[in-house]
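Per the working numbering, the sequence shown runs over residues 2 to 319.
For every residue, glycine included, the Cβ atom is placed at its ideal position computed from N, Cα and C.
Here is the structure we will look at.
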Amino acid sequence: MKHILYICLSAVLFVLSACGGNVQVEAQKSNQLANAPKHVIVVGFDGFSASSINDGKTLPDMKHMPTLRSLMEKGSYTLKNRSVLPSSSAVNWASMWMGAGPELHGYTTWGSQTPDLPSRELTENGIFPDIFAMVRKTQPTAEIGYVYEWGGMRYLADTLSINYVQPAPLSGENVEESTALAVNYIKEKKPNLCAVIFAEPDGTGHGIGWDTPEYIKMLTHLDKGLDAIVKAVEDAGIMDETIIMVTADHGGIDTGHGGITMNEMQTPIVFYGKGIKKGFVIPESTMVFDIAGTIGYMFNIEQPQVWIARPITSVFEK
């Protein structure tokens with residue numbers, strides 16, 4: 002009798018275990034993006050404060066940035082994305098790529114080139130795990146590009162995981178050279194992941210002031226660069242399989258940043274392209290480190306345990 006009970010109990014446990022396994026598999030599948038893009042292009046504007054485009058309307062008029070406004074109208078966005086503290090460059094660009102805050106990745110200041118405190122975890126390349134390393138790990142043949150103007154950007158990404166690492170001259174009012182590097186690369190290589198980071202409008206903000214006429218004029222120049230990048234994606238024939246993101250590291254106030262005002266802390270995030278909801282305002286709280294998690298979600302990557310990023314899943318059509 003005991004033998005029969007043992008056999009029955011074992012059978013029940015086997016069935017429950019199998020069901021549990023199936024539930025886990027289905028749960029994992031449900032967390033994946035079904036209509037995933039093949040290409041993700043991230044355009045970053047250093048020091049781009051949401052205050053410079055927020056006129057109080059649900060969809061701002063933004064006559065000085067018609068391209069970005071079009072992406073917002075045809076895509077999803079928030080003007081309330083928050084930077085980590087301090088609201089400065091290196092700490093926030095690092096957070097954007099590394100999916101965590103300075104307490105974990107260790108880059109804590111405006112110009113950090115190495116962690117100011119030990120990173121909680123390191124990859125085999127000796128740097129905190131970032132989105133570039135995660136894409137390389139899961140897609141060994143992926144084409145990954147990184148175009149930047151501010152020299153400090155080089156230290157904030159796992160460049161050993163990137164095919165094309167291209168510094169560009171600081172643009173000032175002339176964004177053509179940096180834009181041309183990005184445009185030519187996109188057309189030629191059709192990258193799976195590419196980040197294009199302009200040093201403006203931060204320079205104008207420091208030199209003249211945030212939200213001044215000169216700052217707004219600089220945004221118009223940057224918008225033309227954005228337009229050229231969007232057209233490059235179209236010319237490359239990959240728009241139907243691409244998501245374009247536009248974002249920033251921090252904002253600013255008067256002629257500085259690093260503090261806790263909303264002008265310094267709030268930046269835009271804009272999503273446009275394959276599977277992105279149209280005319281959608283993101284209701285959830287978002288942080289700069291959530292960008293890495295969202296890119297990872299686009300590529301169906303299981304993010305590292307050390308990340309604290311929360312993928313912004315509400316922007317995707319189901």
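Note on residue 150: 16 or more other CB atoms within 10 angstroms of its CB, so buried under the neighbour-count rule.
DSSP places residue 196 in the strand class (E or B) of the three-state scheme.
Here residue 311 carries a coil assignment [DSSP, helix/strand/coil].
Counting only the Cα atoms, residue 83 lies some 8 Å from residue 263.
DSSP places residue 139 inside the alpha helix (DSSP H), whose first and last residues are 132-139. A direct Cα-Cα distance of roughly 12 Å separates residue 314 from residue 293. For the 8 Å CB-CB criterion, residue 247 and residue 269 form a contact. For residue 77, the enclosing beta strand (DSSP E) stretches over residues 77-83. Remark: C-beta atoms of residue 89 and residue 252 do not approach each other more closely than 8 Å. For residue 43, the closest C-alpha among the options 108, 132, 58 is that of 132. Between residue 316 and residue 254, the C-beta gap is not smaller than 8 Å, which leaves the two residues out of contact. Note on residue 64: under 16 other CB atoms within 10 angstroms of its CB, so exposed under the neighbour-count rule. A straight line joining the alpha-carbon of residue 103 with that of residue 96 spans about 7 Å. A contact between stretches requires three or more CB pairs, one per stretch, nearer than 8 Å, and the stretch 130-147 meets this requirement with the stretch 160-180. Taking 8 Å as the cut-off, the Cβ atoms of residue 94 and residue 250 count as close. Distance from the CA of residue 240 to the CA of residue 73, rounded to the nearest whole angstrom, comes to 16 Å. DSSP places residue 146 in the uninterrupted beta strand (DSSP E) bounded by 145-149. Taking residue 318 as the centre and dropping the five residues before and after it, the same chain places the C-beta of 36, 276, 277, 278 closer than 8 Å to its C-beta, in chain order. Look at residue 269 here: in three-state DSSP terms it is strand. The C-alpha of residue 210 lies about 11 Å from the C-alpha of residue 258. Looking at the DSSP output, residue 40 sits in a beta bridge with 243. By the neighbour-count criterion, in which 16 or more other beta carbons inside 10 Å mark a residue as buried, residue 256 falls on the exposed side.
In terms of Cβ geometry, residue 180 and residue 230 form a close pair [threshold 8 Å]. Apart from sequence neighbours up to five positions away, the residues of its chain that approach residue 195 with a beta-carbon distance below 6 Å are 42, 146, ordered along the chain. For residue 233, the closest of 192, 144, 85 by C-alpha to C-alpha distance is 192. The C-alpha of residue 76 is placed about 28 Å away from the C-alpha of residue 157. Under the DSSP assignment, residue 166 falls in the beta strand (DSSP E) whose first and last residues are 165-168.
Residue 60 and residue 70 have their C-alpha atoms some 8 Å from each other.
In the three-state scheme derived from DSSP, where H, G and I count as helix and E and B as strand, residue 248 is classed as strand. Put simply, of 228, 141, 201, 153 the residue whose alpha carbon is nearest the alpha carbon of residue 46 is 201. Just so you know, the alpha carbons of residue 116 and residue 171 end up roughly 25 Å apart. Note that the C-beta distance between residue 68 and residue 224 is below 8 Å.
Your pair residue 38 and residue 243 checks out as a contact, with CB atoms roughly 6 Å apart and the cut at 8 Å.
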